[in-house]
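Asks: Structure incoming, see below.
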Amino acid sequence: MSVRLLNLPAFALLLLLLAGVAVQAQQSAPVSGESLTLDQAIALALHDNHAMKIAKLEVERADEDISAAKTYRLPSLHAYTSVSSNLANNELKVPNPANNLFPGLGPFFTLNDSRKVTAIFAASAIEPLTQQYRIGLSIKSQRVSREIAQAKLRQQQNETVDLVKKAYYAILQTRSALSSVEEALKSYKELDKVTGDYVVQQVSLKADLLVVQTRLAKVEYEQLELTNQLATQKEQLNTLLGRAVDTSFEVAGVPEFTSFETDLVAARKIALERRPELEQARLVIEQATLDRRAKKSEYIPDVSAGFVYLTPRNYASVIPKNFANVGVVVSWEFFDWGRKKHQLSEKDKAVEQAKNGLKEKEDQVLIDVGDRLRKLQQSAQALRVARLEESSASENLRVSTGRYKFQAVLLSDVLQSQALLAEATHEYQRALLGFWTAKAEFEKALGEDK
351 MSVRLLNLPA FALLLLLLAG VAVQAQQSAP VSGESLTLDQ AIALALHDNH
401 AMKIAKLEVE RADEDISAAK TYRLPSLHAY TSVSSNLANN ELKVPNPANN
451 LFPGLGPFFT LNDSRKVTAI FAASAIEPLT QQYRIGLSIK SQRVSREIAQ
501 AKLRQQQNET VDLVKKAYYA ILQTRSALSS VEEALKSYKE LDKVTGDYVV
551 QQVSLKADLL VVQTRLAKVE YEQLELTNQL ATQKEQLNTL LGRAVDTSFE
601 VAGVPEFTSF ETDLVAARKI ALERRPELEQ ARLVIEQATL DRRAKKSEYI
651 PDVSAGFVYL TPRNYASVIP KNFANVGVVV SWEFFDWGRK KHQLSEKDKA
701 VEQAKNGLKE KEDQVLIDVG DRLRKLQQSA QALRVARLEE SSASENLRVS
751 TGRYKFQAVL LSDVLQSQAL LAEATHEYQR ALLGFWTAKA EFEKALGEDK
């Protein structure tokens, strides 16, 4: 027993030193690889994220569609070629004009073109006139499509920023938990060593050693689990940033608590103005209205000005070699059995459908903003509780350590206080990360891009 009593103070001092290291380890971790701040991660994701690139290309495609739609205002130019051989025997007989005076003479003369390969070359230029109104509506519709693609790009920016923030905070939370486990592992290894010596000296039971070794094995398993989880989370963040999944980096520290908007009415007003989903819904209404106007314009006859040039080759010499015509082409389906009427009615229903879609999205946004704000307020309150618990645990450890010096408490009480402080510190870090995650979701609900 004397050996045990002599070693306990030294062992207690060692554990207390480890406790101090454990508290500090909650705030920092060994750095391997580049240091990546949250702002840097967001900037990388907005530039290199694959989903962002797809959304940007969609906007560029819409630009090309607008340019293509504008070309329909210009004349359409076509060239035609026909090469053929006549299979029929074309014979033209001119009757005898003096058949009454000289009967029996037969035809005056006969034209018989020999069978041969012939060709016709033609070119046309058709300029739409009354169709310009419908073409203008089509161009406006394409521009609205581009605005929709731009709104989808903004929505993708919001989602990408939100995903990056959540992935970043998840890494911080896992790293904080891993730091706690690593420090606990150091303590258990030292405890395993000391307890093993006590068993050899026959001042502790082997059962005590087995208990320590079991706890040590559990902590080692937790360390392995958290290490693997951290590696997977980093790979997922690298994918969001659009770079190689095996890129090594370390995240920066957790930012401290900041104030936030608590006025629900003001927050909902901001969301109704900024949310890209609502902008898309409004643009869908505008596009549906343009489609209806374009369908109604089909009642207008299609009038075009045209020029046609035609030249036949290898025909009879009496056929002219060139034909050039300028004129007006009119096309009008004056009766369609009610088809346009039904199509126009369908467009009316599409407009009404789009308006109902906007109202539904507005209600969803209002509910989402309220829910996110309430969760943010809850996380802020949880953070205050965690901060108080950490302060209380720190004070308890200080008191227990002071009383242990005067042998007023047992070593187990000091160790328990140290464990409670480590747990409280970890809970505070988790609450802080939970607050920032809730704040990121609230910012997304407001429609903020960054």
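Numbered continuously in my numbering, the sequence shown closes out at residue 800. Glycine included, C-beta positions come from ideal geometry on N, C-alpha and C.
Can you give me the C-alpha to C-alpha distance between Phe-785 and Ala-704, rounded to a whole angstrom?
Replies: Position 435 of the sequence shown, counting from 1, holds the residue named residue 785. Position 354 of the sequence shown, counting from 1, holds the residue named residue 704. So the alpha carbons of these two residues sit roughly 37 Å apart.
Asks: Following the continuous alpha helix (DSSP H) through Glu-683, name the residue where it begins and the one where it ends.
Replies: As a first step, residue 683 must be located in the sequence shown, where it is residue number 333. Premise fails: Glu-683 is in no alpha helix (DSSP H) and is neither H nor E.
Asks: Alpha carbon to alpha carbon, how far is Ala-567 from Ala-581?
Replies: Walking along the sequence shown from the start, residue 567 turns up at place 217. Walking along the sequence shown from the start, residue 581 turns up at place 231. Cα to Cα, Ala-567 sits roughly 21 Å from Ala-581.
Asks: Which residue or residues does DSSP assign as beta-bridge partners of Ala-473?
Replies: Residue numbering aside, residue 473 sits at position 123 when the sequence shown is read from its first letter. In DSSP, Ala-473 forms a bridge with Ala-429 and Tyr-659.
Asks: Count the other CB atoms within 10 Å of the CB of Tyr-778; is the residue buried (16 or more) or exposed (fewer)?
Replies: For the purposes of this step, residue 778 is identified with residue 428 of the sequence shown, where counting begins at 1. Looking at its Cβ environment, which holds 16 or more other Cβ atoms inside 10 Å, Tyr-778 is buried.
Asks: Kindly confirm or deny that the segment 626-641 and the segment 695-709 touch, where touching means at least three C-beta pairs closer than 8 Å.
Replies: At 8 Å Cβ cutoff, the stretches touch.
Asks: Whole angstroms are fine: how far does the CA of Lys-671 sit from the CA of Arg-411?
Replies: What you label residue 411 is simply residue 61 of the sequence shown in a count that begins at 1. What you label residue 671 is simply residue 321 of the sequence shown in a count that begins at 1. The alpha-carbon atoms of Arg-411 and Lys-671 are separated by roughly 46 Å.
Asks: To the nearest angstrom, report how far apart Val-561 and Leu-541 are at their CA atoms.
Replies: Counting from one through the sequence shown, the residue named residue 561 turns up at place 211. Counting from one through the sequence shown, the residue named residue 541 turns up at place 191. Taking the straight line joining both Cα atoms gives about 11 Å.
Asks: Is it buried or exposed, Asn-588, if we count other Cβ atoms within 10 angstroms and call 16 or more buried?
Replies: What you label residue 588 is simply residue 238 of the sequence shown in a count that begins at 1. Buried, by the Cβ-count rule.
Asks: Is it buried or exposed, Lys-709, if we count other Cβ atoms within 10 angstroms and call 16 or more buried?
Replies: Start at 1 with the first residue of the sequence shown, and residue 709 comes out as number 359. Looking at its Cβ environment, which holds fewer than 16 other Cβ atoms inside 10 Å, Lys-709 is exposed.
Asks: Looking at the unbroken alpha helix (DSSP H) that takes in Val-888, where does it start and where does it end?
Replies: A query on residue 888 cannot be resolved here, the shown segment of the chain reaching from 351 to 800 and no further.
Asks: Nearest to Lys-794 by alpha carbon, out of Asp-389, Gln-505 and Leu-437?
Replies: Translated into the one-based positions of the sequence shown, residue 794 becomes position 444. Closest option to Lys-794, Cα to Cα, is Gln-505.
Asks: With a 10 Å radius around its C-beta and 16 neighbouring C-beta atoms as the bar for buried, classify Gln-748 as buried or exposed.
Replies: For this step, residue 748 is matched to residue 398 along the sequence shown. For the sequence presented, residue 748 should be read as Arg rather than Gln. Under this definition Arg-748 is an exposed residue.
Asks: Roughly how many whole angstroms lie between the Cα atoms of Val-715 and Tyr-518?
Replies: Here residue 715 refers to the residue found at position 365 when the sequence shown is read from its first residue. Here residue 518 refers to the residue found at position 168 when the sequence shown is read from its first residue. Rounded to the nearest angstrom, the two C-alpha atoms are 26 Å apart.
Asks: Give the range of the beta strand (DSSP E) segment to which Leu-386 is assigned.
Replies: For the purposes of this step, residue 386 is identified with residue 36 of the sequence shown, where counting begins at 1. It spans 384-386 - the beta strand (DSSP E) in which Leu-386 sits, taken as one unbroken run.
Asks: Spatial neighbours of Ala-781 within its chain, please: CB distance less than 6 Å, with the 5 preceding and 5 following residues excluded, ordered by chain position.
Replies: As a first step, residue 781 must be located in the sequence shown, where it is residue number 431. Hits under 6 Å: Ala-732, Leu-733 and Ala-736.
Asks: Please report the distance separating the alpha-carbon of His-400 from that of Leu-386.
Replies: Within the sequence shown, residue 400 is the residue found at index 50, counting from 1. Within the sequence shown, residue 386 is the residue found at index 36, counting from 1. When rounded, the distance between both Cα atoms is 20 Å.
Asks: Would you mind giving the Cβ-Cβ distance between Ile-476 and Ser-432, rounded to the nearest angstrom? I have them listed as a contact below 8 Å.
Replies: Your numbering for residue 476 matches position 126 in the sequence shown. Your numbering for residue 432 matches position 82 in the sequence shown. Not a contact, Cβ separation roughly 19 Å.
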